[in-house]
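Numbering-wise (our numbering), the sequence shown opens with residue 8 and increments by one.
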Amino acid sequence: MAPRPAPASVRRRRAAIRLAVAGLGVVLGVAGLGLLWPRSDRSQEPEALGRVADLAQPPTRPVTVLVIGSDADRAGDRSNGAAPPGPANSDALLLLRVQPQGPLEVLELPIEAAVQLPGQQRPQALGSLYRQGGVALVADAVRELAGLPSGQPDRYAVIPRGALRQLIAALGAVDLSPLRAMRYSDRRQNLRIDLQAGLQRLNGQQVEQFVRFRDPVTGEEGRRQQHELLVRALQRDLAQPGRLPQLAPLARQMLAATQTDLSEAELLSLLAAGLSQGEAMDFKALPLEPSQPQHKGLRQLAP
Numbered sequence: 008m009a010p011r012p013a014p015a016s017v018r019r020r021r022a023a024i025r026l027a028v029a030g031l032g033v034v035l036g037v038a039g040l041g042l043l044w045p046r047s048d049r050s051q052e053p054e055a056l057g058r059v060a061d062l063a064q065p066p067t068r069p070v071t072v073l074v075i076g077s078d079a080d081r082a083g084d085r086s087n088g089a090a091p092p093g094p095a096n097s098d099a100l101l102l103l104r105v106q107p108q109g110p111l112e113v114l115e116l117p118i119e120a121a122v123q124l125p126g127q128q129r130p131q132a133l134g135s136l137y138r139q140g141g142v143a144l145v146a147d148a149v150r151e152l153a154g155l156p157s158g159q160p161d162r163y164a165v166i167p168r169g170a171l172r173q174l175i176a177a178l179g180a181v182d183l184s185p186l187r188a189m190r191y192s193d194r195r196q197n198l199r200i201d202l203q204a205g206l207q208r209l210n211g212q213q214v215e216q217f218v219r220f221r222d223p224v225t226g227e228e229g230r231r232q233q234h235e236l237l238v239r240a241l242q243r244d245l246a247q248p249g250r251l252p253q254l255a256p257l258a259r260q261m262l263a264a265t266q267t268d269l270s271e272a273e274l275l276s277l278l279a280a281g282l283s284q285g286e287a288m289d290f291k292a293l294p295l296e297p298s299q300p301q302h303k304g305l306r307q308l309a310p
């Protein structure tokens, strides 16, 4: 269950991805998923929501899903309508691990992490790989970064901005607590962000503003905090018992709005497993070394 094959030129380029920042010899000191995502203490988990089991049968083994947050408005758009203009970039990279039993595990991979592709003299940001080689190139880099076995991630989903707005619109709104006031304006992108701090109900356009906002002080680390808040808010909303009848039509709607190799049955199976533990979630981000001016925004992985 691997991502769709890439063209031969891309396969050759990804054949021996090396992780580095300006010759610093970055080495990921993690052997595999057991260290990146330690198992939670089941005695601390909430009781399973029994009715969710009626949605579908959970998978028979843990399944990893690569989620790429795209800055394009719709799947397949030639232009991202964002900055820098051009083909779609990946604004967020999440690796989900859905278990037959146990909490949902989420690993966010920093888009500013430096990777060195074979045949290239300079390292580049992990987030730039999607524009160059699509899902296949990103999946290969993520596999090496996270220490995944061959053939993983099992599935992928590319979620454009429009799909996120559709999801929130289908839910009505979502409860979110911005940690700070968010204000930004860019006429080139037709983008205006104006959100207050504190708990509030946000609609689809406001949620898009929430995840796109980049604080000048906290930078991408601040955006990762925003991503975690949104993922937890969505899980909290979807896990409500009253949402169960809406999950199947919602799954069909999201599949139509995203680029993915998940079938409807597979998505429902993952939802059944991921929501069976209520709001239990283990969310982590791959750690990075402090930013250095000479690396021009790129950061190496922490040992």
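Built from N, CA and C at the ideal position, the CB exists for glycine as well.
- Its chain contains Val105 as the residues whose beta carbon lies nearer than 6 Å to that of Leu277, once the 5 sequence neighbours on both sides are disregarded; these appear in chain order.
- Residue environment analysis places Ala272 among the exposed positions, since fewer than 16 neighbouring C-beta atoms fall within 10 angstroms of its C-beta.
- Across the set Ala99, Tyr137 and Leu111, the C-alpha of Leu111 shows the shortest separation from the C-alpha of Arg243.
- The beta carbon of Leu274 lies closer than 6 Å to those of Ala258 in the same chain, with the five residues before and after it left out.
- Per DSSP, reduced to three states, the secondary structure at Phe290 is strand.
- Ser77 has Ser97 as its beta-bridge partners, per DSSP.
- A buried status is given to Ser97, since no fewer than 16 other beta-carbon atoms sit within 10 Å of its beta-carbon.
- Closest by C-alpha distance to Ala60, out of Leu305, Gly281, Lys303 and Arg199, is Gly281.
- Taking a C-beta distance under 8 Å as the contact criterion, Arg81 and Pro167 qualify as a contact pair.
- Spatial neighbours of Ala63 in its own chain (CB-CB distance under 8 Å, excluding positions within 5 residues in sequence) are listed in chain order as Ala272, Leu275, Ser276, Leu278 and Ala279.
- Excluding sequence positions up to five before and after Val145, its CB lies within less than 6 Å of the CB of Leu136 and Tyr137, all in the same chain and listed in chain order.
- Under the three-state reduction of DSSP, Arg306 is assigned to strand.
- Contact check for Pro185 against Ala204 passes: the beta carbons are separated by less than 8 Å.
- Distance from the Cα of Arg221 is smallest, within the candidate group Gly211, Ala240, Leu241 and Arg199, for Arg199.
- Judged by DSSP secondary structure, Arg219 falls within the alpha helix (DSSP H) whose first and last residues are Gly211 to Arg219.
- Residue pairing by DSSP places Val165 opposite Ile75 and Gln266 in a beta bridge.
- Leaving aside the five residues that flank Ala240 on each side, the residues in its chain whose CB is nearer than 8 Å to its CB run, in chain order, Val181, Asp182 and Leu183.
- The beta-carbon distance between Leu237 and Val224, rounded to whole angstroms, is 20 Å. This is too long to meet the 8 Å contact definition.
- Pro130 and Gly158 have their C-alpha atoms roughly 25 Å apart.
- Setting aside the 5 residues that flank it on each side, Gly83 is surrounded in the same chain by Gln266, each with a C-beta closer than 8 Å to its C-beta; the list follows chain order.
- Of the other Cβ atoms in all chains shown, 16 or more fall within 10 Å of the Cβ of Ala120; this residue is therefore buried.
- Taken through DSSP and simplified to helix, strand or coil, Ile200 comes out as strand.
- Residue state for Glu228 is assigned as helix, using DSSP reduced to three classes.
- Note that the C-beta distance between Leu73 and Val149 is below 8 Å.
- Per DSSP, the beta bridge partners of Arg104 are Thr71 and Glu112.
- In the three-state reduction of the DSSP assignment, Ser283 falls in the coil class.
- Arg190 is bridged by DSSP to Asp201.
- In the three-state scheme derived from DSSP, where H, G and I count as helix and E and B as strand, Ala121 is classed as strand.
- Between Ile118 and Glu235, the C-beta gap is not smaller than 8 Å, which leaves the two residues out of contact.
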